[in-house]
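J.: In the UniProt record's numbering, the protein residues as written are 1 to 523. Take this structure, written in structure tokens, and hold onto it; I'll ask about it next.
Put into structure tokens, the structure is as follows:
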């Protein structure tokens, strides 16, 4: 099979042949406005970025027509995608998830050892996670033969950083020679990142017991609550990584976000601004915990109470809930990448899949892990007997799969991910551990207290449960309990100065060089 990387001119990048330069070979720089451009804008219903639209009109005529048809219908025939034009397709793949997936599959079919460095750059540039993983695996396995290759010289900073996070690359005997060679190609422009990488590699290769790894970010965990007022007030209780309560304040009031609501946070890392999405019924708002502002988002297509929100990659998903006594089975998706730039664009929720009829999700815990969403759900059998189980939803192929049964029925569950293990707590006091890699359950020590509408988060090797206790009829007690994963034991924490139901939680990272506490009004 002929390699897509060779056809695209990417087998061996030559000096000054960046991805942008290769694109320029195919695209005429001087584009003239013409009638079809206006037609194109109509076809895309305002969703196409003007720069991308202009680029499409500079494509060779057969490719331009093909891309327009793909964007118009949303359907892609992978066999018709020409290898030599793969970069052109990728340049506009941000406007078509199907096109992006097809391009990635095309590249995965033809990736080889000698093209793996180029594949990594493409994967980084166009956010192709599967291609990136495959490229890194090949580079890691064949690093001995690749680091002295010319293609290694032209790796982008982001790509070289990704490689320096792989243990086998860091510990390779030629890693320092490889970094030095990469630096020499552009000494002035690469010195800063070279020093950073050199320091990181040295720390990983020569760990010292008394050394302290420099943190790049601080992690905060926010419990989002609702106050009992005529006009609902959204409240946040924020904890640092040591478990200390560092902020407790009202965020905003809303007539649309009432009583029970769902919460999810969209943030990839500490360099990206966090946004907290809150939904109630069909209404959705987006809150900025740094600027302390909120704005209305597009409403959901389906009215749903007690639904679940979860973020995976650049998308947020709404699952489950109920309306008028019926379970809502439709799964909806919103592109948060577009919403980072402008909420008023014509990008709205899309119904993309459906849950099985025997699944009931009511505030069901949903967790993203390895490109899938893990769901703790109530299941109904033919005799209408209820049980609890774990399902997965794969947004790529829109499939919902049953993974495992719970050994006990649990209600009002909460779950938190720690590494590859899902820790699940229920209002009955059960505390379970589900290993995602093996699909095996294990019983942990029961919760020290029982209650409803509590929150959970993980920090270091501890799991924290925060909320109102219902033990001994002491419903006014609001406390934080701490679970030690290594010893399988609980420690009851301090009583906290609030007694409100927790409907959601989120983890937010901020750069360590700042003193910012999310949700906190420093004024």
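Beta carbons: idealized from backbone N, C-alpha and C, even for Gly. Please read all numbers here as calculations on a predicted model, not as lab measurements.
Going by DSSP in three states, residue 118 sits in which element: helix, strand or coil?
T.: helix
J.: Beta-carbon within less than 8 Å of residue 80's beta-carbon, same chain only, minus the 5 sequence neighbours each way: which residues are those?
T.: Correct list, in chain order: 66.
J.: For a minimum of 3 consecutive residues, which ranges assigned as the beta strand (DSSP E) are wholly contained in the stretch 389 to 459?
T.: 399 to 405, 414 to 418, 421 to 425, 431 to 435, 440 to 443, 455 to 459
J.: Taking only beta-carbon positions, decide if residue 276 is within less than 8 Å of chain C.
T.: You won't find chain C in this structure, because it holds only one protein chain.
J.: By DSSP, does residue 519 sit in helix, in strand, or in coil?
T.: coil
J.: Which residues bound the beta strand (DSSP E) around residue 235?
T.: 233 to 239
J.: Under the rule that 16 or more other beta-carbon atoms within 10 Å means buried, what is residue 519, buried or exposed?
T.: buried
J.: Taking 8 Å as the threshold, find out whether the stretch 239 to 251 comes into contact with the stretch 305 to 318 through three or more Cβ pairs.
T.: no
J.: Helix, strand or coil for residue 94, going by three-state DSSP, please let me know.
T.: helix
J.: Give me the Cα-Cα distance between residue 94 and residue 104, rounded to the nearest whole angstrom.
T.: Counting only the Cα atoms, residue 104 lies some 12 Å from residue 94.
J.: Note down the Cα distance separating residue 336 from residue 295, rounded to an integer number of angstroms.
T.: 14 Å
J.: Per DSSP, what are the beta-bridge partners of residue 495 in this structure?
T.: 479
J.: Work out the CA separation of residue 99 and residue 430 for me, nearest whole Å.
T.: 45 Å
J.: From the DSSP output, which residues share a beta bridge with residue 366?
T.: 375
J.: Would you list the one or two residues that DSSP bridges to residue 511?
T.: Partner(s): 217.
J.: How would you label residue 257, buried or exposed, when you count the other beta carbons within 10 angstroms and need 16 or more for buried?
T.: buried
J.: Is residue 321 buried or exposed, if buried means 16 or more other CB atoms sit within 10 Å of its CB?
T.: buried
J.: Note down the Cα distance separating residue 193 from residue 299, rounded to an integer number of angstroms.
T.: Distance between the alpha carbons of residue 193 and residue 299 is about 43 Å.
J.: Answer with buried or exposed for residue 512, where buried requires no fewer than 16 other C-beta atoms within 10 angstroms of its C-beta.
T.: exposed
J.: Taking the C-alpha atoms as reference points, what is the distance between residue 388 and residue 375?
T.: 10 Å
J.: Which of the three DSSP states is assigned to residue 332 in this structure?
T.: Residue state, collapsed to three classes: strand.
J.: Taking 8 Å as the cut-off, decide whether the C-beta atoms of residue 159 and residue 120 are in contact.
T.: yes
J.: With respect to the alpha helix (DSSP H) encompassing residue 293, which residues constitute its N-terminal and C-terminal limits?
T.: Careful: residue 293 lies outside any alpha helix (DSSP H), inside the beta strand (DSSP E) at 293 to 296.
J.: Out of 413, 463, 443, 458, which has the shortest C-alpha to C-alpha gap to residue 450?
T.: 413
J.: Using CA atoms only, rank isn't needed, just tell me which of 378, 268, 276 is closest to residue 261.
T.: 276
J.: Less than 8 Å between the CB atoms is what I'm expecting for residue 274 and residue 290, so what's the real figure, rounded?
T.: Contact flag correct, Cβ pair sits at about 7 Å.
J.: Between which two residues does the alpha helix (DSSP H) holding residue 140 run?
T.: 129 to 141
J.: Let me confirm a value: residue 221 is counted as buried when at least 16 other C-beta atoms fall within 10 Å, else exposed. Which label applies?
T.: buried
J.: In terms of residue numbering, what span does the beta strand (DSSP E) encompassing residue 72 cover?
T.: Element bounds for residue 72: not the beta strand (DSSP E) but the alpha helix (DSSP H), 61 to 73.
J.: Using a 10 Å radius around the Cβ and a threshold of 16 neighbouring Cβ atoms, would you call residue 350 buried or exposed?
T.: exposed
J.: Give the DSSP-derived three-state secondary structure of residue 283 in the structure shown.
T.: Residue 283 falls in the strand class under three-state DSSP.
J.: If you compare alpha carbons, which of 486, 314, 185, 358 is closest to residue 328?
T.: 358
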